Amino acid sequence: MIRRRSFARRLIQVEIPVLLVLAFALAPFAWMLLTSIKPNGDLSHFPVRYLPSSSTFEHYRTLIQRTSFPVNLLNSLVIACGAVLLGLATSVPAAYSFSRFRFRGRRMLMTGFLVINMFPIVLLIIPLFVLMRTLGLIDTFLGVIIGHSTFSIPFSIWMLVSYFNAIPRDLDEAATIDGASRLQTIRLVVLPLVMPGIVTTAIYVFITSWNEYLFAMMLSGETVRPVTVALQLFIGEFTVQWGILTAGGTIIALPVTILFLFVQKRLVGGLTAGAVKS
Amino acid sequence: MNKVTASSATLRASTPYGFLLPALLVTALVILFPVLQTAWFSLHDYILYDPDNSRFVGLRNFAVALSDEVFWIALLNSAIWVTGIVSLQLLLGLVAALLLNQSFWWRGLARALVIIPWALPSVIIGLMWTWIYDFNLGVFNDILLRIGLISAPHPWLAQPSTALACIMLALVWQGFPFFTVTILAGLQTVPPELYEAAEIDGASAWRQFIHVTLPSIAGIVATAVLLRIIWVANSLDVILVMTGGGPGYATHTLPLYAFLRAYTGMEFGYAASLSLMLTAILLGIVWLYVRRQTGELEK
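Residue numbers (our numbering), protein chains in the order written: chain P, 39 to 316; chain E, 354 to 652.
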């Protein structure tokens, strides 16, 4: 009897409120998914039809066969991979340096990278546009990737420093005593241990770059246009074609959402240790 | 503090800088140089399509901004935007974190699913919510009509009185999971003994929350709030997608106004001075944050 009551109480005090929060968190996303598989008749049906009368993939087909969307997807992939590579190539050595050396200006530089995280994008976007135009990098992958390094580098450094710090220094010392050079120590001891942290950082930079819109919009043209910008342009083009737009939204959101679910636990650890912007 | 490895003593003192060099070079190119250039632009009446005719105007751009009606509208909207969004996100995030910290058998799944809004691109957020607010076919009007709160559909995004609040709701939705996960991380550091002791002293659940839970998570909440203020104050892509700043100036915020002056007006000088003013305001907040953060680095 007592056990039954406590079960009912837990249902009311915990599980039902959690369900309400989840409904709030997921409903708009679910609505987008449902819309993307509804036939056009359901979409323009008044009053609103919540469940599709029959499911269809016509919007996905239209998007893939009749628009530039597949090219835009590929562009997004190239840009995000580029942002990850440039970000890691510069921030892994930097984070190692911050974690393993004590040198003049260390605190100042670390604080500097932290503050950079907080600069308004509008502050950077205007001169970056002029700079890229001068360098002839507008509408090139390199231009957009360099633009994305404004957030990928400071963010990665902050995440990675906390991961490097988590590796005991005794291990480096032991390797040194065994006669390993610094580069050997890094390659054979430190890097393998910090790899999970690097992967987490890489995935998060990938997601941020994949989701990014303003830099991409300013720095890309038709050639390297990523999906976020393309979708925004579609909004103007097919004003009422919600089926196509939500299909595009689903294609963009689903892969990164799944990636995000994989890294979220480790990410929160890195975030609370390093503390960076979202 | 200055514990160095045996080998580094023999290495040149420049080694740490060598490792930093690539990051510093790229950062100087994409951040330092642009910031200096913004400062330079702000002192000129630089128009993008006519750069040769740009003249040095001193602080005139700033003076113009101060007497620019739209600047003040945008500043006010920014204040409403930041306080409204961050406080609602915090409240909702806290409630969700406290709920998800209880034990129930599908807790892991619930914790994973609740962060989905945070992972979505802003363009998708803007698109989804524009569709939800649609006058005829939007689900928002439909639900309100069905439960009888309104008697006729309302053009939520086209009406100046409701547009800003509606976009704010979308941003609250997007960002509350950030608070949920950070507060959850904080809650896990609270030693269970504290609750046991409070229990023995006969403290009610509410008093336990006020005297044990809140003080324990205060630090992490403060950091999260500061980060979020800066992020929300800078964000403009959702507004850009949903209303583009309209109707009229109803959804203009400061970064959006600067962006529109640069992007559609090509008035880079004026836009630069607007974004510098935004930066100055945010630097005050950043300063608070950095002081806090370097305090924690010392530990």
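Heads up, the beta-carbon is just placed ideally off N, CA and C, and yes, glycines get one too.
Please read all numbers here as calculations on a predicted model, not as lab measurements.
Just so you know, the alpha carbons of residue 251 of chain P and residue 268 of chain P end up roughly 10 Å apart. Interface annotation, residue 426 of chain E: not in contact with chain P, CB-CB separation never under 8 Å. Residues of chain P whose Cβ lies closer than 7 Å to the Cβ of residue 476 of chain E are, in chain order, 251, 266, 269, 270. Within the same chain, and ignoring the five residues on either side of residue 537 of chain E in sequence, the residues whose Cβ sits closer than 8 Å to its Cβ are 450, 453, 454, 464. Not a single C-beta of chain E is nearer than 8 Å to the C-beta of residue 112 of chain P. With 16 or more other CB atoms across the displayed protein chains lying within 10 angstroms of its CB, residue 258 of chain P is buried. A contact between stretches requires three or more CB pairs, one per stretch, nearer than 8 Å, and the region 564-572 of chain E fails this requirement with the region 472-479 of chain E. Taking the Cα of residue 470 of chain E as reference, the smallest distance to any Cα among P:282, P:105, P:233, P:69 is reached at P:69.
With a contact defined as Cβ atoms closer than 8 Å, residue 178 of chain P and residue 262 of chain P qualify at about 6 Å. If you draw a straight line from the Cα of residue 492 of chain E to the Cα of residue 83 of chain P, it comes to about 12 Å. Boundaries of the alpha helix (DSSP H) around residue 230 of chain P: 229-249. Look at residue 481 of chain E: its C-beta is under 8 Å from a C-beta on chain P. Shown in chain order are the members of the region 65-93 of chain P whose Cβ falls below 9 Å from a Cβ of chain E: 65, 66, 67, 69, 70, 73, 81, 82, 83, 84, 85, 86, 88. When secondary structure is reduced to three states using DSSP, residue 409 of chain E falls in the strand class. When Cβ pairs closer than 8 Å are counted between the two stretches, the region 65-81 of chain P is seen to touch the region 278-287 of chain P, the count reaching three or more.
Take residue 408 of chain E, set aside five residues on each side of it, and the residues of its chain with a beta-carbon closer than 8 Å to its own are 397, 398, in chain order. Under the DSSP definition of a beta bridge, residue 397 of chain E partners with E:409. For residue 128 of chain P, the enclosing alpha helix (DSSP H) covers residues 107-138.
About 16 Å separates the beta carbons of residue 304 of chain P and residue 246 of chain P, which is beyond the 8 Å limit, so they are not a contact pair. Inclusion of residue 122 of chain P and residue 611 of chain E in the CB contact set at 8 Å is not warranted, their separation being larger than that value.
Cβ-Cβ separation between residue 533 of chain E and residue 639 of chain E: approximately 24 Å, too far for a contact (criterion under 8 Å). Distance from the Cα of residue 90 of chain P is smallest, within the candidate group P:96, P:81, P:300, P:165, for P:81. Listed along chain P, the residues sitting closer than 7 Å to residue 587 of chain E by beta-carbon distance are 158, 159. DSSP places residue 260 of chain P in the coil class of the three-state scheme, outside both helix and strand. Our two residues, residue 643 of chain E and residue 156 of chain P, have alpha carbons roughly 11 Å apart in a direct line. Using a CB distance cut-off of 8 Å, residue 287 of chain P counts as an interface residue toward chain E. Counting only residues of its own chain and dropping the five nearest sequence neighbours on each side, residue 108 of chain P has a CB closer than 8 Å to the CB of 102.
Secondary structure remark: continuous alpha helix (DSSP H) runs of at least 4 residues inside the region 535-615 of chain E, in chain order: 545-553, 558-561, 567-587, 590-595. Minimum Cα-Cα distance from residue 373 of chain E among the listed residues P:133, P:105, P:181, P:87 corresponds to P:133.
Interface with chain E (8 Å Cβ-Cβ cutoff): residue 53 of chain P is included. Taking every protein chain shown into account, the CB of residue 51 of chain P has fewer than 16 other CB atoms within 10 angstroms, so this residue is exposed. With respect to the C-alpha of residue 617 of chain E, the residue from E:603, E:371, E:517, E:597 having the closest C-alpha is E:597.
Between the alpha carbons of residue 377 of chain E and residue 229 of chain P lies a gap of roughly 21 Å.
Excluding sequence positions up to five before and after residue 205 of chain P, its CB lies within less than 7 Å of the CB of 228, 231, 232, all in the same chain and listed in chain order. For the region 223-248 of chain P, the set of positions with a beta-carbon nearer than 9 Å to some beta-carbon of chain E reads 223, 245, 248 in chain order. Distance check between residue 75 of chain P and each of P:93, P:99, P:170 places P:93 closest, using alpha-carbon atoms only.
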